[in-house]
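Chains as they are written, first to last, in my numbering: chain A, 1 to 317; chain B, 1 to 280.
For each residue, glycine too, the CB sits at the ideal point set by N, CA and C.
Bear in mind the structure is a predicted one, so any value in this text is a computation, not a measurement.
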Amino acid sequence: MQVSQLKTASMRDSFSETLYQLAVNDPRVFVLDGDLATSTKIEKVAKEHPQKFLQMGIAEQNMLSVAAGLATTGLQPWAVTFAAFMSKRALDQIQVQIAQPKLNVKMIGAYSGLLTGVTGKTHQALEDIAIFRSLANMTVLAPADSVETTKMMEWANQYDGPVYIRLARDNYPILFDDSYVFQPNKGVVLKEGTDLTIIATGTATSRALEAAEILNQNNISSTVVHLPSIKPIDQELIIEMATKTKAVVTVEEHSIYGGLGSAIAEILAANAPTPIEFVGVKDRNSESASNEALLEKYEISTKFIVEAAQRVNLRKK
Amino acid sequence: MPSNNAVLKEKSKDARKSLLKVVHHAGAGHIGGPLSAIDVLTTLYFDEMNVEPSEPQKTDRDRFVLSKGHSAIGLYAVLAEKGYLDREELYTFDSLNSRLQGHPDMKILPGIEMSTGSLGQGISAAVGMALGAKVQNQSFRTYCMIGDGESQEGQVWEAAFIAAKYELDNLVVILDYNKLQQYGWPGTTTERAVPNDLMEEKWEAFGWNVIRIDGHSFDEILEGFKQAKLVKQKPTILIADTIKGKGISFMENNYLWHSRIPTDEELSLALKELDESGDL
Numbered sequence: 001m002q003v004s005q006l007k008t009a010s011m012r013d014s015f016s017e018t019l020y021q022l023a024v025n026d027p028r029v030f031v032l033d034g035d036l037a038t039s040t041k042i043e044k045v046a047k048e049h050p051q052k053f054l055q056m057g058i059a060e061q062n063m064l065s066v067a068a069g070l071a072t073t074g075l076q077p078w079a080v081t082f083a084a085f086m087s088k089r090a091l092d093q094i095q096v097q098i099a100q101p102k103l104n105v106k107m108i109g110a111y112s113g114l115l116t117g118v119t120g121k122t123h124q125a126l127e128d129i130a131i132f133r134s135l136a137n138m139t140v141l142a143p144a145d146s147v148e149t150t151k152m153m154e155w156a157n158q159y160d161g162p163v164y165i166r167l168a169r170d171n172y173p174i175l176f177d178d179s180y181v182f183q184p185n186k187g188v189v190l191k192e193g194t195d196l197t198i199i200a201t202g203t204a205t206s207r208a209l210e211a212a213e214i215l216n217q218n219n220i221s222s223t224v225v226h227l228p229s230i231k232p233i234d235q236e237l238i239i240e241m242a243t244k245t246k247a248v249v250t251v252e253e254h255s256i257y258g259g260l261g262s263a264i265a266e267i268l269a270a271n272a273p274t275p276i277e278f279v280g281v282k283d284r285n286s287e288s289a290s291n292e293a294l295l296e297k298y299e300i301s302t303k304f305i306v307e308a309a310q311r312v313n314l315r316k317k
Numbered sequence: 001m002p003s004n005n006a007v008l009k010e011k012s013k014d015a016r017k018s019l020l021k022v023v024h025h026a027g028a029g030h031i032g033g034p035l036s037a038i039d040v041l042t043t044l045y046f047d048e049m050n051v052e053p054s055e056p057q058k059t060d061r062d063r064f065v066l067s068k069g070h071s072a073i074g075l076y077a078v079l080a081e082k083g084y085l086d087r088e089e090l091y092t093f094d095s096l097n098s099r100l101q102g103h104p105d106m107k108i109l110p111g112i113e114m115s116t117g118s119l120g121q122g123i124s125a126a127v128g129m130a131l132g133a134k135v136q137n138q139s140f141r142t143y144c145m146i147g148d149g150e151s152q153e154g155q156v157w158e159a160a161f162i163a164a165k166y167e168l169d170n171l172v173v174i175l176d177y178n179k180l181q182q183y184g185w186p187g188t189t190t191e192r193a194v195p196n197d198l199m200e201e202k203w204e205a206f207g208w209n210v211i212r213i214d215g216h217s218f219d220e221i222l223e224g225f226k227q228a229k230l231v232k233q234k235p236t237i238l239i240a241d242t243i244k245g246k247g248i249s250f251m252e253n254n255y256l257w258h259s260r261i262p263t264d265e266e267l268s269l270a271l272k273e274l275d276e277s278g279d280l
């Protein structure tokens, strides 16, 4: 089935429902809000299970340090705010009090990437993967759809250690069904091809699949790999696919510096040097505009993935 | 006077000697801040807190967080007196593979409840511990020491707001109010003291139970902790007036001793003063 024909669903709704279920069923789980409960939709916990909801106010640094303290008492705090604030405002707290001591705090970066509901560059997060992946002990995840969001959260809840999950605001095609099993160190091959490999993470994966469809019509056969886990990363699969197809395109709704593309380049440069084209936001600031306009202007829409694939195909040796 | 005052005096004096010798040995570390903090730290570990060095992870233990993490050597010295580690191990301070890091690391040294060093963060973690006790109906109490220089960090006041909001009467913060910091404030009073920072007024405005004490009087420290237990639905702050470099005449109230290393001669002078001092 073509991506455009798939049903879509809200990642936020799925996140909200899953977190509510975790809060109800796991006595360790408490939800910490940085006063964005209506945006992130954790309002459901506040309304229906208020004893598990801890409002921390508009004070992200304190929220993450409090989460660390709660974790030392045997609780499992899920701290929720926008990815921009989680990754930058509270970074030092996360580094010193959560990542270094490997405490059991789950960090949700809502509204990651560019598509954040016309909020503009102060509220977009194009650096969060780069930042979190550079912290020792940190697990960094980015789901592609609403189903994977749930599976990933259920995995994170039974994992003992810090996890950062970058979520998207809007609706995305449902790529997975309920039988899907999330594994933190495994990539998912969504389509197999022979000419090149497109590797994507998060919600960029559905655009990577669309690009593969267009490339097919132009007689370019591509493998599409979804990497829900940027750290740990499925090094074996990346090397295998790069070696087979001899060309790679990386796709992410993130800066081209330090994110998925950089992670893959690090692995391939050391193990299997392969031409790579990077689809991501170049070294510039964004703005507030519609999703479609932003994807075009900042060169991460499906069209740009197709063009990158065509370029890398010509560079193959 | 409570009967154990003599013990507290002895322990704090031994801890002072240890920290001076260790900083001299390591050629690194802070002196002024640990010396101002040591009497409160000693009282916490030898009187106030329910802690057992042989069971550093028991769930009902009281928690202590040293938010002013650069006074680590003061805490290590008291932990050594208490029996969490051998006094000999103190001399590994700041060296490779040591459990005694320049700033406290909760993962490697039993007795350290939270990693600190980046200022303003420890108090928030202490708020998290007290909140964790509250929502789980656990009876342990949480103690946290902050500095007055540290209180320039905005996060301290984020924590102050949330602790009052959740009515954390199981939390006691001690402000080591020595009125000096690393470089300080040129153009203000003598010795670069902080301009009037209205500590009592600020904490009261944030809804805390505020108790002012002499941070070098064991009677007042003990009484402060006792009073804190009587107040419900409010966190308590003990604003402890202290002297940076307390106990060593030539270090007292001198910002230069924030992190200066004593020479051999200065060390023996300092140790001699401590040996000869009856009452500090």
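Secondary structure note for M11(A): its alpha helix (DSSP H) is the uninterrupted segment 11-25.
Counting the other CB atoms within 10 Å of its CB gives R284(A) a total below 16, which places it among the exposed residues.
Of all residues in the region 30-60 of chain B, those with a C-beta nearer than 8 Å to a C-beta of chain A are T59, reading in chain order. By the 16-neighbour rule on beta-carbons within 10 angstroms, Q155(B) is buried. E220(B): member of the alpha helix (DSSP H) spanning 218-230, first to last residue.
Counting C-beta atoms within 10 angstroms of its own C-beta, A90(A) has 16 or more neighbours from the protein chains shown and is therefore classed as buried. Minimum Cα-Cα distance from I267(A) among the listed residues A144(A), A289(A), E287(A), L237(A) corresponds to L237(A). Linking Q233(B) to D92(A) through their CA atoms gives a straight-line distance of about 31 Å.
Going by DSSP, W78(A) is part of no alpha helix (DSSP H) but of the beta strand (DSSP E) stretching over 76-82.
When the Cα atoms are used, T73(A) and V249(A) turn out to be separated by approximately 45 Å.
Taking a beta-carbon distance threshold of 8 Å, V29(A) does not count as an interface residue toward chain B. Cβ proximity to chain A below 9 Å picks out K165, Y166 from the region 165-177 of chain B. Chain B places no beta carbon closer than 8 Å to that of D13(A), leaving this residue out of the contacts.
Sixteen is the threshold: since fewer than 16 other Cβ atoms of the shown chains lie within 10 Å of the Cβ of N219(A), the residue is exposed. Under the three-state reduction of DSSP output, G215(B) falls in the coil class, being neither helix nor strand. Residues of chain A whose Cβ lies closer than 8 Å to the Cβ of A125(B) are, in chain order, S65, V66, A68, G69, T72, Q97. For T150(A), the CB contacts under 7 Å within the same chain, skipping 5 residues up- and downstream, are S14, T18 in chain order. Classified as exposed, P273(A) has fewer than 16 neighbouring CB atoms from the shown chains inside 10 Å of its CB. For Q155(B), the enclosing alpha helix (DSSP H) stretches over residues 154-165. Residue contact check for A59(A) against chain B: a CB pair falls below 8 Å. Taking a Cβ-Cβ cut-off of 8 Å, the neighbours of L75(A) in chain B comprise G132, V135, Q136, given in sequence order. Proximity of M56(A) to chain B, defined by a Cβ-Cβ separation below 8 Å, is satisfied.
Spanning the alpha carbons of L209(A) and K202(B) requires a straight line of approximately 57 Å. For G122(B), the enclosing alpha helix (DSSP H) has its first and last residue at 121-135. When only Cα atoms are considered, V224(A) and S290(A) end up about 27 Å apart. At least 8 Å separates the beta-carbon of S151(B) from that of Q100(A).
Any Cβ of chain B closer than 8 Å to the Cβ of P50(A) would place that residue at the interface, and such an atom is absent.
Taking a cut-off of 8 Å on C-beta distances, the region 137-151 of chain A touches the region 169-182 of chain A, as three or more cross pairs fall below it. With contacts defined as CB atoms closer than 8 Å, G69(B) and G245(B) fail to qualify as a contacting pair. Under the three-state reduction of DSSP output, I198(A) falls in the strand class.
Taken atom to atom, the span from the alpha-carbon of S255(A) to that of E127(A) is near 6 Å. Here K191(A) carries a strand assignment [DSSP, helix/strand/coil].
Measuring C-alpha to C-alpha distances from N209(B) to each of N253(B), M251(B), A164(B) identifies A164(B) as the nearest. Close partners of E113(B) in chain A (Cβ separation under 8 Å): T72. Runs of the beta strand (DSSP E) spanning 3 or more residues and lying entirely within the region 120-184 of chain A occur at 139-141, 163-166, 171-173, in chain order. With fewer than 16 other Cβ atoms inside 10 Å of its own Cβ, N50(B) counts as exposed.
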